[in-house]
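Quick note on full-length UniProt numbering: the sequence shown kicks off at 1 and runs consecutively.
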Amino acid sequence: MGRQAYLNRLALGRSPYEPPETTTTDPSSTPRRVSSVWADGYVQQYDARGHPINPESKALGRELRRAKNDILSTMGIVVSGEDRNTSPSDEQQKINQIAAENDFGLVITTLDQLFVFFGTWWSSSLTGRVQTYRHYTHAALLDVIQSERGATGVLGFYFAGIPAWAVSSGLAIARDNPLKRVFALARDYVLDFTGNDKLSLGVRSLFILTFSA
Numbered sequence: 001m002g003r004q005a006y007l008n009r010l011a012l013g014r015s016p017y018e019p020p021e022t023t024t025t026d027p028s029s030t031p032r033r034v035s036s037v038w039a040d041g042y043v044q045q046y047d048a049r050g051h052p053i054n055p056e057s058k059a060l061g062r063e064l065r066r067a068k069n070d071i072l073s074t075m076g077i078v079v080s081g082e083d084r085n086t087s088p089s090d091e092q093q094k095i096n097q098i099a100a101e102n103d104f105g106l107v108i109t110t111l112d113q114l115f116v117f118f119g120t121w122w123s124s125s126l127t128g129r130v131q132t133y134r135h136y137t138h139a140a141l142l143d144v145i146q147s148e149r150g151a152t153g154v155l156g157f158y159f160a161g162i163p164a165w166a167v168s169s170g171l172a173i174a175r176d177n178p179l180k181r182v183f184a185l186a187r188d189y190v191l192d193f194t195g196n197d198k199l200s201l202g203v204r205s206l207f208i209l210t211f212s213a
């Protein structure tokens with residue numbers, strides 16, 4: 001039982017409630033001693049007060065915090081000290097650069113969508129024609145394309161269905177914006193004209209069904 005305290009200290013280290021060990025070393029240098037507990041040769045360092053320290057861990061923690069702050073500053077969540085010290089002209093230059101990059105990206109995206117749309121529309125139209133039970137038995141793909149282009153013409157082959165699609169898209173946009181306002185004005189006018197509650201409810205339901213159809 002007399003060796004219990006010694007064994008506990010050897011296994012768990014010095015208790016934080018015990019006074020630090022007094023050493024007669026140079027205060028300017030960091031005291032170092034090798035812990036006999038670790039078999040891999042780890043050198044435990046202590047400060048002048050006898051507290052265990054790890055300079056490498058502190059340096060790694062500083063680098064990790066700096067990396068996190070850089071990421072948060074890049075995402076715009078926090079403002080770093082370097083960004084806070086920048087002049088208004090530099091800040092405006094960064095804003096203009098970001099706006100120019102966004103505009104350039106929108107132009108590239110629009111051109112990409114246009115090229116994809118007009119580049120794949122004719123193939124979708126040709127697929128629809130072939131799937132409507134057109135007989136092309138033992139015919140090569142180039143022969144099918146030449147036959148359809150000769151039968152419908154260049155404009156009919158490459159741009160078939162685009163006018164109907166444009167009208168449908170325009171009506172969908174108009175229904176969501178201008179026609180919705182027209183329906184709302186007409187509904188309010190009719191509801192003001194009819195004073196009966198039951199009739200107003202019927203008119204409101206009729207307008208809802210007409211607009212959603």
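Every residue, glycine too, gets a C-beta built ideally from N, C-alpha and C.
Per DSSP, cross-strand counterpart(s) of residue i
{"i": "Tyr46", "result": "Pro52"}
Which of helix, strand or coil DSSP assigns to residue i
{"i": "Val144", "result": "helix"}
{"i": "Arg181", "result": "helix"}
{"i": "Arg33", "result": "At Arg33, the pLDDT of 49 sits below 50, so the modelled position is not reliable; the number obtained from the coordinates is stated separately. Residue state, collapsed to three classes: strand."}
{"i": "Tyr3", "result": "Looking at the sequence itself, residue 3 is Arg, so the reference to Tyr does not match. Reduced to three states, the DSSP call for Arg3 is coil."}
{"i": "Tyr189", "result": "helix"}
{"i": "Phe159", "result": "coil"}
{"i": "Val154", "result": "helix"}
{"i": "Gly13", "result": "coil"}
{"i": "Ile173", "result": "helix"}
{"i": "Gly61", "result": "helix"}
N-terminal and C-terminal residue of the alpha helix (DSSP H) that residue i is part of
{"i": "Gly105", "result": "88–130"}
Status (buried if at least 16 other CB within 10 Å, exposed otherwise) for residue i
{"i": "Glu101", "result": "exposed"}
{"i": "Leu126", "result": "buried"}
{"i": "Glu148", "result": "buried"}
{"i": "Ala160", "result": "buried"}
{"i": "Val34", "result": "In this prediction, Val34 has a pLDDT of 44, which is less than 50 and means its spatial position is unreliable; nothing more can be read from the coordinates."}
Reference residue i; option with closest CA among the options
{"i": "Ser123", "options": "Val78, Leu141, Thr137, Gln113", "result": "Leu141"}
{"i": "Trp121", "options": "Tyr189, Pro163, Lys94, Gln92", "result": "Pro163"}
{"i": "Asn54", "options": "Gly61, Gln45, Arg62", "result": "Gln45"}
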